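Working notes, beginning with the structure itself.
Residue numbers (this note's numbering): 2 to 293.
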């Protein structure tokens with residue numbers, strides 16, 4: 002559901018904007034998409050209190066119906082009429098084949114995929130680490146989680162400014178390096194026996210801030226050369242990224258021991274892999290270098 006929710010908006014942004022304007026709008030999409038998981042537990046607890054657990058399903062059904070109504074009656078088609086002729090099953094399959102052979106698109110997709118996977122590792126493990134290991138109350142954990150999410154969301158809103166000042170490629174490279182260095186420092190400290198909540202929370206706050214620049218910028222760059230098949234490209238990007246996140250979460254779960262170390266190691270591994278894809282994909286001037 003989450004992947005489908007982002008597929009159409011990303012394609013719409015690519016249909017009507019490119020470059021720095023697209024980066025600014027993509028960061029706004031990240032704002033809406035990222036705020037939802039923060040507000041959802043609060044809204045859910047209120048619904049359960051008022052209408053019981055069955056009310057959750059009624060609320061979700063109503064939200065889905067409202068979204069469908071907006072799609073049908075408010076959102077206008079953004080793809081130019083001349084480009085709609087190839088919108089067939091055969092054309093879509095051919096587009097998937099084209100994208101799967103495009104190393105530049107796949108490289109950018111997996112830069113973002115491992116960035117998101119690191120956040121998924123945090124989502125899956127942070128409650129156990131912070132509540133069971135560090136002794137936070139559920140309310141304190143919610144605050145700690147929100148702080149990191151705010152860092153991710155807040156810095157993502159600066160993507161357009163960084164893109165305009167430094168270019169999208171340099172923004173991605175710098176943000177990935179910053180994220181990797183921060184997470185590597187956290188891993189080194191954890192390996193050395195530093196097991197403190199303030200150190201963990203502080204470095205995660207900084208690291209996820211860097212990550213907030215990576216996701217929207219890589220989305221814009223990946224879709225830039227595929228305006229004629231933006232919907233297919235967005236769908237494939239979302240699928241690959243969510244599958245990557247699920248695999249990494251499952252792999253990290255095999256090593257849980259009640260401490261923060263497996264979570265930190267999993268996040269750091271994702272950061273290193275994201276930097277490796279960045280070096281391969283953006284390490285040298287490529288076809289988008291002139292524009293960005």
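Just so it is clear, CB atoms sit at the ideal spot from N, CA and C, and this is done for glycine as well.
Since the structure is predicted, the reported quantities are computational estimates derived from the model, not experimental observations.
Can you give the Cα-Cα distance for residue i and residue j, rounded to whole angstroms?
i	j	result
residue 169	residue 204	24 Å
residue 273	residue 48	41 Å
residue 133	residue 139	10 Å
residue 125	residue 246	11 Å
residue 235	residue 222	12 Å
residue 57	residue 51	10 Å
residue 97	residue 195	46 Å
residue 107	residue 101	7 Å
residue 263	residue 149	19 Å
residue 105	residue 123	28 Å
residue 184	residue 277	15 Å
Looking at C-alpha atoms only, which residue of the options is the closest neighbour of residue i?
i	options	result
residue 267	243, 127, 232 and 101	127
residue 252	121, 72, 98 and 105	121
residue 94	258, 63, 230 and 208	230
residue 227	53, 215 and 103	103
residue 220	55, 71, 259 and 172	172
residue 254	119, 160 and 275	119
For residue i, which residues from the same chain have a beta carbon less than 8 Å from its beta carbon, with the 5 sequence-adjacent residues on both sides left out?
i	result
residue 200	187 and 190
residue 210	152, 153, 155 and 156
residue 142	127, 128, 131 and 132
residue 202	145, 148 and 149
residue 167	175
Starting from the C-beta of residue i, find all residues in its chain whose C-beta is less than 7 Å away, skip the five residues before and the five after it, and write them out in chain order.
i	result
residue 242	110, 113, 114 and 117
residue 265	187, 188 and 191
With burial defined as no fewer than 16 other Cβ atoms inside 10 Å of the residue's Cβ, what is the status of residue i: buried or exposed?
i	result
residue 144	exposed
residue 73	exposed
residue 59	exposed
residue 164	buried
residue 249	buried
residue 322	Any question about residue 322 goes unanswered here, given that the chain covers just 2 to 293.
Going along the chain, which residues of its own chain have a beta-carbon closer than 6 Å to the beta-carbon of residue i, five neighbours each way excluded?
i	result
residue 198	135
Within 8 Å of any Cβ in chain B, is that where the Cβ of residue i sits?
i	result
residue 232	No chain B is present in this structure, which holds just one protein chain.
Considering only heavy atoms of the ligand COA, does any lie closer than 7 Å to the CB of residue i?
i	result
residue 103	Looking at this structure, you won't find the ligand COA or any other ligand, since it has none at all.
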